[in-house]
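Those letters in the sequence shown? Residues 0 to 1080, by numbering that gives the first Met the number 0.
Shown next, in C-alpha cells, is the structure this report addresses.
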Amino acid sequence: MNKRTILLAGIQLLLFTATVFGQTRFIVRGKVSDQTGGLPGVTVVEMDRNNRIATGTSTNIDGEYVISMTDAANKLQFSFVGFKEQILEVRGRNRIDVVLEEDVYTLEAIDVVAQKVTNIGMVNIQERDLAMPVARLSAREFEDVQASSIDEAMQGRLSGVDIASNSGDPGAGMSIRIRGVSTLSANSNPMIVVDNIPYEVSISSDFSFSTANEEGYSQMLNIPVDDIMEITVLKDAAATALWGTKAANGVLMITTKRGAKGREPVISFNYRGTFSKNPGHIPMLNGDEYSTMILEAYQNSYDVPLNTSLRKEFLYSANDPYYFYNYGANTDWMKAITRNGRTGNYDFSITGGGNKAFYRFSVNYQDQVGTTRGTDMNRLSSRLNLDYFISDKLKMRADFSIAHSNTNANYRSDLRSVAYKKMPNMSIYEYDAYGHLTGNYFSPESNAQGTYPSTYNPVAMANDGVNRILNDRITTKYSLYYDILKGLRYTFDISFDVNTNKNKTFLPQTATGKAWTDLSVNRAYDFDGDNYYIYSNNMLTYARNFGGKHDLSSSWNLMTNERIGNAYRITTSNTVSPSQQDPSNPSKVNESGLGPGSERTRGRDIGSALMVNYKYGDRYIVSGGVRYEGNSRFDEYNRFAWFPSLSLAWRLSGEEFMRPFSRWMNDLRFRFSYGENGNPPRYEGMFFSNIGSFNWNYLGNSAIYTSNMALKSLKWESIHTYNYGITADFFDSRIYFEIDYYLNKTKDMFGYNIPVQSSSGYSSKSIVNLGAMDNVGYDFSLKTVPVLKKDFKMTFDINIARNYNVLRELADDYSNVRNVTISNGLYQNIAQIDNPAGSFYGYRYKGVYTTEEMLIARDADGNKITNPNGQEVKMVYDFDNTRYYFELGDAMYEDVNHDGNINASDIVYLGNANPAFTGGFGSMISYKNFSLNSFFYYRYGNDIINRTRMFGEAMFSYDNQLRSTLRRWRKPGDETDIPRALYRTGYNYVGSDRFVEDGSFLRLKYITLTYRVPGKFAQKLGCKSIRVSTTLNNLLTFTNYSGQDPEITIRSADDVIYTVGYDDSNTPRSRDVTFILAITL
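In C-alpha cells, the structure reads:
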C-alpha cells in the first residue's frame, strides 16, 4: 500500500513535469520588495484568463524570482502573508519589479494587522489572541547550525525549555524539561507531536543502551532538522488541554515543511560537514607518580612497605621480563581511547504543487563518528508530504516517513571512567616472557586492581566490544478535512507508527582476560523490540463572527491511542570464538543470568475534549474547556478522570484610551490561565499480580512467582497549573517581549519501588501515591530589531527562565532515606519536605587535619571535650558500627552537633542538581549578502557531584589518580586541601561538599558566518540560490566547574526524587567546525 502510493505520486510528478516542460516558455524575472528591501518567500504564480493557476515559484533570499510562463498573455499574482496581494498583466515584459504594501485595514476604529497563526493542537488561533503561554521557533533560526537532532538545535532558544545533552557520544540524546520538574517518578519528558500526530518515544525497559532510559536514545533522532518548518512549545495545562494527560509535562509541536500551491518544482540540496576536535581529558598521574603514590598509601595504612614480591606490578625488575615490560609503561589510557570526530549530513528535497495537489519529498543521510573510539552513528531517512484538494469542500493529506539508524556505542558505559582509573604502568599490548610483543591486548585475568568488571583493558573494550543499536521507524498519516457549512469543519486523522529497536551486544575474552569458561567471556545478547502505535482523532471545529465584534470558535474531539509492544531477548556466553557473536551459535544458556526472555504489553487511552474560545472587540478573550480521559494503566475504579482548563486575556492596547499610543504600541496583552492535567503510571498492568519465573532448574522446571503486588487503589497523579503573563509588541515588532509567572501544584505524586514489610511476601510496592510538590518559576523572552535598514539589519534575542521545586507532602509510612549508610564514595539519598527533588546530602568538608590540636573534639563553645577520666577525646568517624579515629593528614568533616563523632547527626543538605536559571541570548547582523549569527546558552545555580574527582582523589585503592593528588598531605607541617593516601582504610572521600561543585556555565554554542551568493550570479550557475556558511560550535565555555563539561543532566529513573547530577566521566561535548553549502535549483 505504502509503496504503491509513493509510486503513483512519483508517476504523477513525472507526468506533471514532462507536461510543463514540454510547452513553449516565456521567461519573466524581477524583484519583490517592501519598504526595507527584498522579500524572500513571496509566492509568484501565473494565472490564466479563468484565474486558474498555470505555474508558480517563490522569491529567493534577496527577493528575486524567475518564472517560466506558459503564455505571455497571462497575469502574475504576488502574495505574501501580511502584505496586500498584487495581480499584474505581463504584456510581453521580461522584467517586472514589485513593491508590496503591508496589509493594514481599519475595522470600527481598531487597527488590525495580518498576524501569524499558531496551532495549539488541531486548532488554529491568531498569535495575538493567545491567552496561554506558547513559544515558537522558526527553522530559519537554526538553518546554518550543525545539529544531529531537533532537540540539539533547540537548546537554549526557548524560554522555560531546559535541554541538556546526556553525553557527547553519537545518538546519546538530550534531557528535555519544560518548566522544570512537576513530578517525582512519572515521565518528566514533554509530549512530542509531529504534524498533529503524537510521536511516541518510549523504549522498552529491556533496552540496554545508555542504562535503558528514555533519554539515553535521542528522542527525536529520526526527524532531520532540514525537514522542520517550525517548532511550537505549549507550556501549561490550558495550552495542552486538547492533547490530554500525555501533555502533562508540556508539548513540543513540530511542523514539517510541505508543498505550496502553484509552485514549480524546487530542488534543494544541503550539505553540512563537521570536524570535531578531541575534547582531551583531565591530567592523570604517570606511571612513576602512580607507583610512588601506591607505595606511600600502603605504608601510611600498615606502617610496612608493600611487598613487591607479591605485587610484582610495582617491582620493575629486569629479572622478570614479563612484569618488567607489561608493567613498566607510561600509558595514557584516555588518549588511547579517544580521537577526533567528524559528521557529514546530506539533505535533498523537491517541493512543488499545482492548483489542487502539493508535494514535498526529502531524503536525508547523516554519518557521524564520535570522539570516543567505538562510537559512531549513521541515519537514512525519507519523508513524503502530499496535499490534495478533492473539491472546494474536501481536502486530503497523506504523510509518509521512514527512517533507519545504526548506532554503535561502547559495550560498557563506564569506559571513560575505567580509562581514568586504569593503572598507567600497564601496557596496552601484551609482551611475552622474552620482552616481545605478542600481538594481543594485555588483559590479565586479575592484577592489583582486581578482575572484570571492576577493571578491564579499555582499548580492547572500545575496539572489540560490541553494542550496536538498530532502529527502523515507519510512520504513515492520513487526514481528511471536510467543510460541512460555512465555519463548520470536520477533521479526521489516523496514523500508523511502527518503531523497531534491535540491540546487539558482545563481550569478547580479549577485553576481560577472564578464563574461557567464565560466564562473562564471549557473552552475547540480542534484543528485538517492536512497538506499534495506532492513533485516531475525530474533530469538529466551528468559527464565526457575530456583528463584527463577537468572534466565537469551538471544537470537540474524540481521540484514541493504542500501543502494542513486543520484546524478545536472549543472553548466552562462551561462544566458541570471538568471531561467533550471535547467541544462536553453540554456547551456554542454562546458567544464572543467561537464557531467553520475552514480554508483551498493550495499552489504550481514550479522551474527549470540548473547547470554546470567545473574543469581544479584539480586546477581551475567554477560552475554556474540559477533557474526559481514560487510561488502561488504572483499574476500572480510577480509570477515567475530568481535566478542566480556563484562560483569559485582556488587550489593553485595544482600549479607546490607548489610541494615542497606537502608532508604536501594536499589542499589549495581559493573560491568565488555569488548567488541570494528570499523569498515568509508567507501566501497564500494575493492578494485576504479574507472573515471573526464575531461571534455575528445580525438579526439571523453572520456579513461578508473582512479581509484583496488585495495586487496586492507584489514583491519577494530578497537576494544577496557574499562569500569569504579559505580551507586548512595540514599533511593528521591533521590540517584542513576553513574561510569565507560573505555579504548578502536583498532588498524589507517584513513587516507585516503595519498600514494604517482608511479611507481605514482597520487598516493595511497584508504585504508590505518596505526596505533593510545588513547581514555581517565571519565563522571560525579548526579541529586538535595533537596526533595520535596506542593506543592514541587526537583531538581538534573549530569554531567561527561573525555576525551583519544593516537596510539600510525603506519606507517613514512606521511608525518606534510601542510602542509610554513608561511606566512601557515597552520598545519602533523602527526600525531605521543603527541599527540592534532586537534592543531595552529606558532610561538610573542612579540610585536612594538619595538627594534633585539630584532632581533639570540641563542644559548641570551642572547649575541648574530655571523657570521665579527664582525657581529651579524639575525633572519630562512628557510623553503622564502624569506628575510625582520625589521624594527621586525614579528611576533616564538620561536627555539626559537637559531640566528637562524625555520624548521621552531622549529615546536612548540600545542594541540588536543578538549575535556578536557564536560557540563552544571541544576535544576528546582516549586511547585504553577509550575515553573522551568534548564540550563547547558559545554566546557572545547579550543583554537580564530581564523581570523576571523587574517585580520582580517593587514593584508596590501586586506581590511578588525578594529578591534583601530587599536592596531597605527606608529612606534618604540610598545608594542603588534599588528604593523605591510604590503602583500603580511612574515610577520606566520604560524600561531602568537597566534591559538590557549582555547575553554572555560559557557553558560546555557535558563531556562524554566512554568505548568500547574489541571485544574478547564482542564476548564471543554473541555481536559484546558493548559501555558504562556516560555523564554530561550543567554541568557548565559561565556568568554575573543574570537570571536563558542566553540562550534566539529572538522570532519568523511576526514583527521580533520588537522582542527582552525577558527573561519571561521560564523553564531553566537543568543539566543532562546520561547513555548510545550500543550493536551490
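The beta-carbon is built from N, C-alpha and C at its ideal position, and this holds for glycine as well.
Assigned exposure category for residue i - 16 Cβ within 10 Å defines buried
| i | result |
| --- | --- |
| F357 | buried |
| I389 | exposed |
| N959 | buried |
| A459 | buried |
| E88 | exposed |
| Y1061 | buried |
| S1064 | buried |
| N880 | exposed |
| V907 | exposed |
| P282 | exposed |
| I95 | buried |
| T1066 | buried |
| I703 | exposed |
| T571 | buried |
| E716 | buried |
| T865 | exposed |
Closest Cα partner of residue i within the set the options
| i | options | result |
| --- | --- | --- |
| K476 | N902, R1002, V193 | V193 |
| I473 | W242, Y440, D529 | D529 |
| L1017 | T42, F25, T56, V65 | This sequence places Ala at residue 1017; Leu is not what is there. Here the closest residue by C-alpha is V65. |
| S838 | W641, S991, H897 | S991 |
| V98 | V588, F79, N1032, T850 | F79 |
| I901 | G910, M891, L909 | M891 |
| F687 | T307, P169, S765 | S765 |
| Q365 | G272, A296, M853, V303 | G272 |
| Y777 | S644, Y883, Y721 | Y721 |
| T1029 | L75, V1072, Q76 | V1072 |
| K245 | Y289, M228, P264, P197 | P197 |
| F495 | P452, T559, K503, Y489 | T559 |
| N804 | F791, K392, N834 | N834 |
| D747 | I734, S762, D773 | D773 |
Beta strand (DSSP E) segment containing residue i, residue limits
| i | result |
| --- | --- |
| K355 | No beta strand (DSSP E) holds K355; DSSP gives it neither H nor E. |
| E551 | In the sequence under discussion, the amino acid at residue 551 is Leu, which differs from the Glu named in the question. Segment 549-571, the beta strand (DSSP E) holding L551. |
| A317 | Neither: A317 is in no beta strand (DSSP E) and is coded neither H nor E. |
| K260 | Taken as a continuous stretch (DSSP letters only), K260 belongs to no beta strand (DSSP E), as it is neither H nor E. |
| E45 | 42-46 |
| R176 | 173-177 |
| K503 | 487-506 |
| T54 | 52-57 |
| R948 | No beta strand (DSSP E) holds R948; the alpha helix (DSSP H) holding it covers 946-951. |
| I1081 | The requested residue 1081 does not occur in the structure, where the chain is confined to residues 0 to 1080. |
Run of the alpha helix (DSSP H) containing residue i, from where it starts to where it stops
| i | result |
| --- | --- |
| F839 | First-last for F839: 838-841, but that is the beta strand (DSSP E), not the alpha helix (DSSP H). |
| F1016 | 1014-1019 |
| L294 | 286-301 |
| E151 | 149-153 |
| S416 | 414-420 |
Check whether residue i and residue j have beta carbons under 8 Å apart
| i | j | result |
| --- | --- | --- |
| S652 | D666 | yes |
| G674 | A130 | no |
| L241 | N556 | yes |
| I718 | N676 | yes |
| I468 | Y534 | no |
| P978 | V847 | yes |
Beta bridge counterpart(s) of residue i as assigned by DSSP
| i | result |
| --- | --- |
| S646 | S622, S672 |
| W641 | Y627 |
| P197 | V192 |
| Y741 | N722, G776 |
| P754 | S763 |
| L806 | M772 |
| S348 | S267, S361 |
| P595 | I569 |
| H403 | L379, D471 |
Proximity test, Cβ basis, 8 Å: residue i and chain B
| i | result |
| --- | --- |
| N384 | Note that chain B does not occur in the displayed structure, where there is just one protein chain. |
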